[in-house]
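Step one of this worksheet: look at the structure below.
Numbering (our numbering), first residue to last: 1110 to 1716.
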């Protein structure tokens, strides 16, 4: 113990003497790292020394984090307890002692201190956040640090120590990773202990609409636990009470002067997490724009919970509830937009926050997967020898989509999920680019995007063939519907279209006479071909008749022919006729193939 007391008073950084001090006190088996029993012995000694230092600081009346602080030669020396913590933190960081030892000392220190001293202790913890958050220390002490912070929050007053509670929550948010399961509400349990108390009996002598007062503050029961509204009877009671409140807000609109005065008051006032519920203040609170916004935003949060994706069938609202919810939500948004100051901007911000909240809902429904991803080099080394994971649908993304579809089957049947846009809607950005008065630089035009142009051409080919045909002459800008273009830009494309139609008519008029001449020449040539073919057929038929006459003469000279001769003669006659017919066909074919030559020969013969 005396060795550590001297080490605390030692000047210089802890790395110069911390390890030598431990070796002098413990005499470890290893020179640089303590065994388990040696760590336990050192921890007991340090906790005892810390308790003695705190006791001495309390007796002296000094703050414990400033006890033992002195001024030498104009320089302020470090207090004893922070010095002891720095020495232990260095030993834990260098892994000379067990990593959770510093967290155990901090927990003991906060338990032995008053809340005034705990603010100084927590300031020390915040200053060492980067070292305490290192992997070798965080893994051993994260649960101890979480327990320490939760104990501090339980000891603090949520109404009087708002700033200190916020410091603790901000530290936990930075100290623990975003995907830490102990830092999120996995089951979505509501804080039902946050009960809003209000008067149950009307006060005497004060003219207050007590029925409205009770109706107004009874809504906090549903805002505290939105799951109650899923019961039909509770939902009817909630909607009836909400309608009374919204009607009152409508009947008492706020002016812009009230909103401007409220802004000045808010800048000078402190923020309170709960409003006072006295019936005497009801009239003043209704005139407060921030009070109205507080209640209306609570309504939107409740509706957003009821519409949250991924719910089970039993937790989903009925169809009648959805219709009532939609009408109530539209009315609440209209009231928020009318509440000064800057009602439209405020409503837009709230809608943006609620839309982003859906991403967190999906993340929690999926089991809070970690956001941190390993670098590609480390991942390749670690995943090399392992087998590839087997997914239900081939990869992780498709399996995740399938899982979401099971939880929310209406998403696949939504008609707005896949929709082909109209031509005028799709080409509107490019039409704005083509307007010189818009002042859009050429490098930012949509025509530079190949994907945009490719999709637009496909849509135009299906919906606007006239515009699609202008692509050949004018490029992608010619496909834009003319009604989207300004008059001075539209005239260029309309003029070129008229010129193209005039040229087409002129070319048609030129082609008509030439085509008539070609048809007349073709007709005369076909007539000449027909006459040549007939002359060839007559010439080829003459030898056949001569052969037949000769055969008949032979028969008459020899007298009556025998049956064999008669058969032979008839066969010879048939063969001659067939030969003549084949020759005529061949010459006819030749005449058709070379009609001009045959026609000239026949004309000369006739002449």
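Note that beta-carbon positions come from the ideal geometry of N, C-alpha and C, so glycine has one too.
By alpha-carbon distance to residue 1119, the top candidate from 1137, 1170, 1191 is 1191. Distance from residue 1293 to residue 1437 at the Cβ level is roughly 30 angstroms; contact not present, criterion being Cβ atoms closer than 8 angstroms. Taking a cut-off of 8 angstroms for Cβ pairs, the stretch 1143-1150 and the stretch 1168-1178 do not touch, as fewer than three such pairs fall below it.
Note on geometry: alpha-carbon atoms of residue 1167 and residue 1404 lie some 47 angstroms from one another.
Secondary structure of residue 1360 (DSSP, three-state): helix. The beta-carbon distance between residue 1158 and residue 1113, rounded to whole angstroms, is 6 angstroms. This is short enough to meet the 8 angstroms contact definition. The C-beta distance from residue 1240 to residue 1202 rounds to 6 angstroms, short enough to fall under 8 angstroms. Separation of residue 1414 and residue 1469 (C-alpha to C-alpha, rounded to the nearest whole angstrom) is 12 angstroms.
The stretch 1555-1565 makes contact with the stretch 1534-1545: 3 or more CB pairs, one atom from each, lie closer than 8 angstroms. Boundaries of the alpha helix (DSSP H) around residue 1542: 1537-1543.
When the beta-carbon positions are compared, residue 1322 and residue 1399 stay at least 8 angstroms from each other. Using a Cβ-Cβ distance cut-off of 8 angstroms, the stretch 1246-1255 and the stretch 1278-1294 are in contact, since at least three pairs of beta carbons, one from each stretch, lie closer than that value.
In the structure shown, the three-state DSSP call for residue 1454 is helix.
For residue 1565, the closest alpha carbon among the candidates 1199, 1585, 1547 is that of 1585. Collapsing the DSSP output to three states places residue 1110 in coil.
Shown here, residue 1477 sits in coil according to DSSP, grouped into three states, outside any helix or strand.
Out of 1391, 1427, 1401, the CA that lies nearest to the CA of residue 1338 is found in 1427.
When the alpha-carbon of residue 1213 is set against those of 1224, 1194, 1225, the nearest one is in 1194.
In this structure, residue 1260 and residue 1219 form a Cβ contact; the two beta carbons are roughly 7 angstroms apart against a cut-off of 8 angstroms. If you ignore the 5 residues before and after residue 1549, its C-beta comes within less than 8 angstroms of the C-beta of 1541, 1542, all in its own chain and listed in chain order. Secondary structure at residue 1447: helix, using DSSP grouped into helix, strand and coil.
Between residue 1299 and residue 1333, the CB-CB gap stays under 8 angstroms.
In the structure shown, residue 1308 adopts coil according to DSSP, grouped into three states. Under a 10 Å Cβ-count criterion, residue 1579 is classified as buried, with 16 or more other Cβ atoms of the shown protein chains found around its own Cβ. Straight across, the Cα-Cα distance linking residue 1444 with residue 1250 is about 49 angstroms.
By the neighbour-count definition (other C-beta atoms within 10 Å, threshold 16), residue 1527 is an exposed residue.
In this structure, DSSP gives residue 1285 a state outside helix and strand, which the three-state scheme calls coil.
Looking at the backbone, the Cα of residue 1539 and that of residue 1454 are separated by about 29 angstroms. In this chain, the alpha helix (DSSP H) harbouring residue 1233 covers 1224-1236. Less than 8 angstroms separates the beta-carbon of residue 1116 from that of residue 1196. For residue 1148, the enclosing alpha helix (DSSP H) stretches over residues 1145-1169.
Within 10 angstroms of the beta-carbon of residue 1597 lie fewer than 16 other beta-carbons, which makes it exposed.
Burial of residue 1448 is indicated by the presence of at least 16 other C-beta atoms within 10 angstroms of its C-beta. Rounded to the nearest whole angstrom, the CA to CA distance from residue 1302 to residue 1268 is 15 angstroms. Residue 1176 carries a coil assignment under DSSP once its states are collapsed to helix, strand and coil.
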